[in-house]
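Novice:
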Amino acid sequence: MRAFAYERPTHLDDAIALLAEHGPDARLLAGGTDLIIRLRDGSVQPRIVVDVKGIAELDGAIRETNGHLTIGARTTMTDIAADERIRREYEALAEAASVVGSAQIRNRATLAGNVCNASPAADTAPALLVYGAFVVAAGPAGTRRIPIDEFFVRSGVTALARDELVAAIELPRPTTRRRAVHVRRTRRRGHDLASVTLTCAVFADGVTRLAYGSLGPRPVLVADETGLLADPRAPDLAKMHRLESLFVEASPSPRSMRASPEYRLAMLHVLGLRAVGTAIERLAEGTVRR
Amino acid sequence: MTASRRIELTVNGRVRSIEVAPHHTLLEVLRDDLGLTGTKECCLVGECGACTVRVDGMSVDSCLMLAVEADGATVTTVEGLAAGDRLHPLQQAFLETGAAQCGFCIPGQLVSAQALLALNPHPTRAEVEEGLAGNLCRCAGYGQIIEAVLAAAEAGGGEQ
């Protein structure tokens, strides 16, 4: 690994000042599970690594604030998968966090790092899209809230400015009853990157939101407002046709080693239909209990 | 600017104060500076788990963590499992079930298993499989490794 300087600022302002001073020569370090691989293979060569884990204003807490569940920038996948509020109200995010990498990776990897890395295959991205999350970005002019759908630009590129960092991720509180599920396709059981990663949420008012990743330069959010997908009595064939029209933007890379584009597209539809079915079943379970 | 930094960490119960370069990983410092070569270097991308250690109780891939990040932390490596001449129940179970074939992955398997049992002293087979999914065994000794972890859990290995 090439040598670099290391700073561990204790205040947000100091971290932002370091980013402003060093520009493209600075890299932020949270969990490090993506960054350290890239530092070692030389694909990023910063002169300074700024560790965000000492910043007092950023923490690993998950807290309820006005109308949102706020996930601090240092919150790990392990914390998210175990959090009762997330498991209850944002179940697809808990499910997605629980399949990121291995236990060792989940103990270090942060949700903020996962979105900043902006991998098209990021497992948490579809859940964040379906739940309409916001990224709280802190910069020299203060903080701004970026809708997650605008945050992802393309592989490795986000809407974050050079001198901004992610302070937190906000999940809006649900206004309509809904249930969701995260599903994925991998080459093998256990620890693997997804060939298809998908979240589906079915809302009690008949809307279905689906988001998928690993099928193009960025994860994609689509919605069915016709009520067809959410209808437990609608035939699978009709739902499959609806999914085909919703998934037209899927454009898997022909160069990936993980799966062929044809396979990914076929699995996207299969997983999409299964996820719709599971979300409907979960929504029905909720109704019975009440 | 890339000057080395002094860090203090507790490794296997002993406080160590050392100078480390910012670009050196915890794995490199454990092996090269502290001579703890039980922790293995293998894939260097967080796939194989041969470099697994516990940092403040949590299992991590030490190849994906800078040593400077471990400043102030408590680190347990495979060398910290046995109590003197007495093997840890997991080590004993690995021996008894023949879980170690070539042996290279075993330090990582043991540390992951110890971290798993600390959180979940009586895991199901599926939970052991999931808990050890980040530890590859090129000899494919998974059957015996899983048996060993279940046997150690049965014998109360999670409490140690």
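Protein sequences, first through last, are from chains G and D.
Just so you know, the first sequence maps onto residues 3 to 292 in our numbering.
Just so you know, the second sequence maps onto residues 3 to 162 in our numbering.
Cβ coordinates follow ideal geometry from the N, Cα and C atoms, glycine included.
Just list the beta strand (DSSP E) runs in the segment 74 to 98 of chain D, keeping only unbroken ones of 3 residues or longer that don't cross its boundaries, in chain order.
Specialist: 76 to 78
Novice: Spell out the partners DSSP gives Phe136 of chain G in its beta bridges.
Specialist: Within the first sequence, numbered from 1, the residue matching residue 136 of chain G stands at position 134. G:Pro149, G:Glu172.
Novice: Under 7 angstroms between beta-carbons, which chain D residues line up against Thr126 of chain G? List them in chain order, please.
Specialist: As a first step, residue 126 of chain G is located in the first sequence; it is residue number 124 there, counting from the start. Going along chain D, no residue has its Cβ under 7 angstroms from Thr126 of chain G, so there is no contact; the nearest lies around 17 angstroms.
Novice: Based on Cα-Cα distance, which residue from G:Ala196, G:Arg284, G:Val224 lies nearest to Met269 of chain G?
Specialist: Reading the first sequence from its first residue, position 267 is the one you call residue 269 of chain G. Checked all of G:Ala196, G:Arg284, G:Val224; the closest Cα to Met269 of chain G is G:Ala196.
Novice: Let's see if you can read the secondary structure: which residues bound the alpha helix (DSSP H) around Leu66 of chain D?
Specialist: Here residue 66 of chain D refers to the residue found at position 64 of the second sequence. Segment: none, Leu66 of chain D is in no alpha helix (DSSP H) and carries neither H nor E.
Novice: Just checking: is the beta-carbon of His25 of chain D within a distance shorter than 9 angstroms of some beta-carbon in chain G?
Specialist: As a first step, residue 25 of chain D must be located in the second sequence, where it is residue number 23. Yes - at least one Cβ of chain G is within 9 angstroms of the one on His25 of chain D.
Novice: Please name the residue in D:Leu92, D:Leu134, D:Cys107 whose C-alpha comes closest to that of Arg108 of chain G.
Specialist: The residue labelled residue 108 of chain G in the question sits at position 106 within the first sequence. It is D:Leu134 whose Cα lies nearest to the Cα of Arg108 of chain G.
Novice: Which residues mark the beginning and the end of the beta strand (DSSP E) in which Val117 of chain G is found?
Specialist: Taking the first residue of the first sequence as 1, we reach residue 117 of chain G at position 115. Looking at the DSSP string, Val117 of chain G is not in any beta strand (DSSP E); the run it does join, the alpha helix (DSSP H), is 113 to 119.
Novice: Below 7 angstroms CB to CB, which residues in the same chain sit around Ala155 of chain D once its five sequence neighbours on both sides are set aside?
Specialist: Here the question's residue 155 of chain D lines up with position 153 in the second sequence. Apart from the 5 residues on each side of it in sequence, Ala155 of chain D sits with its Cβ closer than 7 angstroms to the Cβ of Leu119, Pro123, His124, Pro125 in its chain, given in chain order.
Novice: Given 8 angstroms as the limit, is there contact between the segment 13 to 26 of chain D and the segment 35 to 52 of chain D, that is, 3 or more CB pairs closer than that?
Specialist: yes
Novice: Against chain G, does Asp63 of chain D count as a neighbour if the rule is that its beta carbon must be under 9 angstroms from one of theirs?
Specialist: Counted from its first residue, the second sequence places residue 63 of chain D at position 61. Asp63 of chain D counts as touching chain G.
Novice: Please state the DSSP three-state secondary structure of Ser197 of chain G.
Specialist: To locate residue 197 of chain G, count along the first sequence from 1; it is residue 195. Ser197 of chain G falls in the coil class under three-state DSSP.
Novice: Got a sec? Which residues, its chain only, sit under 6 angstroms from Arg292 of chain G by beta carbon, not counting five neighbours each side?
Specialist: Taking the first sequence and counting its residues from 1, one reaches residue 292 of chain G at position 290. Annotation note: pLDDT 40 at Arg292 of chain G (below 50); position unreliable, coordinate value reported separately. So the list is empty, once near-sequence residues are dropped.
Novice: For Gly103 of chain G, count neighbouring Cβ atoms within 10 angstroms of its own Cβ and tell me buried if that reaches 16, exposed if not.
Specialist: In the first sequence, counting from the first residue as 1, residue 103 of chain G sits at position 101. Burial of Gly103 of chain G is indicated by the presence of at least 16 other C-beta atoms within 10 angstroms of its C-beta.
Novice: Which complete alpha helix (DSSP H) runs does the segment 18 to 60 of chain D hold, if anything under 4 residues is left out?
Specialist: none
Novice: Are there 16 or more other CB atoms within 10 angstroms of the CB of Ser2 of chain G, so buried, or fewer, so exposed?
Specialist: The structure shown does not extend to residue 2 of chain G, since chain G spans only 3 to 292, so no value can be given for it.
Novice: Give the DSSP-derived three-state secondary structure of Thr72 of chain G in the structure shown.
Specialist: Here the question's residue 72 of chain G lines up with position 70 in the first sequence. If DSSP states are grouped into helix, strand and coil, Thr72 of chain G belongs with the strands.
Novice: Considering only residues of the same chain and omitting the five flanking positions on each side of Leu152 of chain D, which have a CB-CB separation below 7 angstroms?
Specialist: Looking up residue 152 of chain D in the second sequence gives position 150. Only Arg127, Val130 meet the Cβ criterion.
Novice: What are the residues of the segment 34 to 56 of chain G that lie near chain D, defined by any Cβ-Cβ distance shorter than 8 angstroms?
Specialist: Going along the segment 34 to 56 of chain G in chain order, one finds Gly34, Thr35, Ile38, Ile39, Leu41, Arg42, Arg49, Ile50, Val51, Asp53, Lys55 with a Cβ nearer than 8 angstroms to chain D.
Novice: Are the Cβ atoms of Gly82 of chain D and Asn14 of chain D separated by less than 9 angstroms?
Specialist: The residue labelled residue 82 of chain D in the question sits at position 80 within the second sequence. The residue labelled residue 14 of chain D in the question sits at position 12 within the second sequence. The answer is yes: Cβ separation under 9 angstroms.
Novice: Is the Cβ of Gly103 of chain G closer than 9 angstroms to any Cβ of chain D?
Specialist: Within the first sequence, residue 103 of chain G is the residue found at index 101, counting from 1. Yes, because at least one Cβ of chain D sits closer than 9 angstroms to the Cβ of Gly103 of chain G.
Novice: Against Ser114 of chain D, what residues of chain G qualify as contacts under a CB-to-CB distance less than 9 angstroms, listed in chain order?
Specialist: Here residue 114 of chain D corresponds to residue number 112 of the second sequence, with the count starting at 1. Within 9 angstroms Cβ-Cβ: Ser104, Ala105, Gln106.
Novice: Can you give, in chain order, each stretch of the alpha helix (DSSP H) that sits fully within the segment 122 to 151 of chain D and has at least 4 residues?
Specialist: 127 to 133
Novice: Helix, strand or coil, according to DSSP, for Val278 of chain G in the structure here?
Specialist: Locating residue 278 of chain G in the first sequence gives position 276, counting from the first residue. In the structure shown, the three-state DSSP call for Val278 of chain G is helix.
Novice: At least one CB of chain G closer than 9 angstroms to the CB of Arg33 of chain D: is that the case?
Specialist: Locating residue 33 of chain D in the second sequence gives position 31, where the first residue counts as 1. For Arg33 of chain D, the answer is no, since every Cβ of chain G falls outside 9 angstroms of its Cβ.
Novice: I want to verify the contact list: residues of chain D whose CB lies under 8 angstroms from the CB of Asn116 of chain G, in sequence order.
Specialist: As a working mapping, residue 116 of chain G is identified with position 114 in the first sequence. Chain D residues near Asn116 of chain G: none, gap ~14 angstroms exceeds 8 angstroms.
Novice: Assuming Glu93 of chain G is part of the alpha helix (DSSP H), what are its boundary residues?
Specialist: For the purposes of this step, residue 93 of chain G is identified with residue 91 of the first sequence, where counting begins at 1. 93 to 99 is the extent of the alpha helix (DSSP H) around Glu93 of chain G.
Novice: Apart from the five residues just before and just after Ala23 of chain D, which ones in its own chain have a Cβ nearer than 6 angstroms to its Cβ?
Specialist: The residue labelled residue 23 of chain D in the question sits at position 21 within the second sequence. Around Ala23 of chain D: Ser6.
Novice: Alpha helix (DSSP H) containing Thr80 of chain G: first to last residue?
Specialist: Taking the first sequence and counting its residues from 1, one reaches residue 80 of chain G at position 78. Start and end: 79 to 84.
Novice: Between which residues of its own chain and Pro174 of chain G is the CB-CB distance below 8 angstroms, once the five residues before and five after are set aside?
Specialist: Numbered from 1 along the first sequence, position 172 holds the residue referred to as residue 174 of chain G. Cβ neighbours of Pro174 of chain G beyond the five flanking positions: Gly69, His70, Tyr133, Gly134, Ala135, Phe136.
Novice: Any contact between the segment 181 to 193 of chain G and the segment 148 to 161 of chain G? By contact I mean 3 or more CB pairs, one from each, below 8 angstroms.
Specialist: no
Novice: Which residue's Cα is closest to the Cα of Arg89 of chain G: G:His184, G:Ala114, G:Pro48?
Specialist: The sequence position of residue 89 of chain G within the first sequence is 87, counting from 1. When only C-alpha atoms are compared, the closest one is G:His184.
Novice: Can you give me the start and stop residues for the beta strand (DSSP E) that Arg29 of chain G sits inside?
Specialist: For the purposes of this step, residue 29 of chain G is taken as the residue at position 27 of the first sequence. Arg29 of chain G -> beta strand (DSSP E) spans 28 to 31.
Novice: Say whether chain D places a C-beta atom closer than 9 angstroms to the C-beta of Met259 of chain G.
Specialist: The residue labelled residue 259 of chain G in the question sits at position 257 within the first sequence. No, because no Cβ of chain D sits closer than 9 angstroms to the Cβ of Met259 of chain G.
Novice: On a CA-only basis, which of G:Val224, G:Thr35, G:Asn119, G:Ala182 is nearest Val159 of chain G? Give me that one, please.
Specialist: For the purposes of this step, residue 159 of chain G is taken as the residue at position 157 of the first sequence. Ranking G:Val224, G:Thr35, G:Asn119, G:Ala182 by Cα distance to Val159 of chain G puts G:Asn119 first.
Novice: Identify every residue that forms a DSSP beta bridge with Cys104 of chain D.
Specialist: Locating residue 104 of chain D in the second sequence gives position 102, where the first residue counts as 1. Answer is none; Cys104 of chain D lacks a bridge partner.
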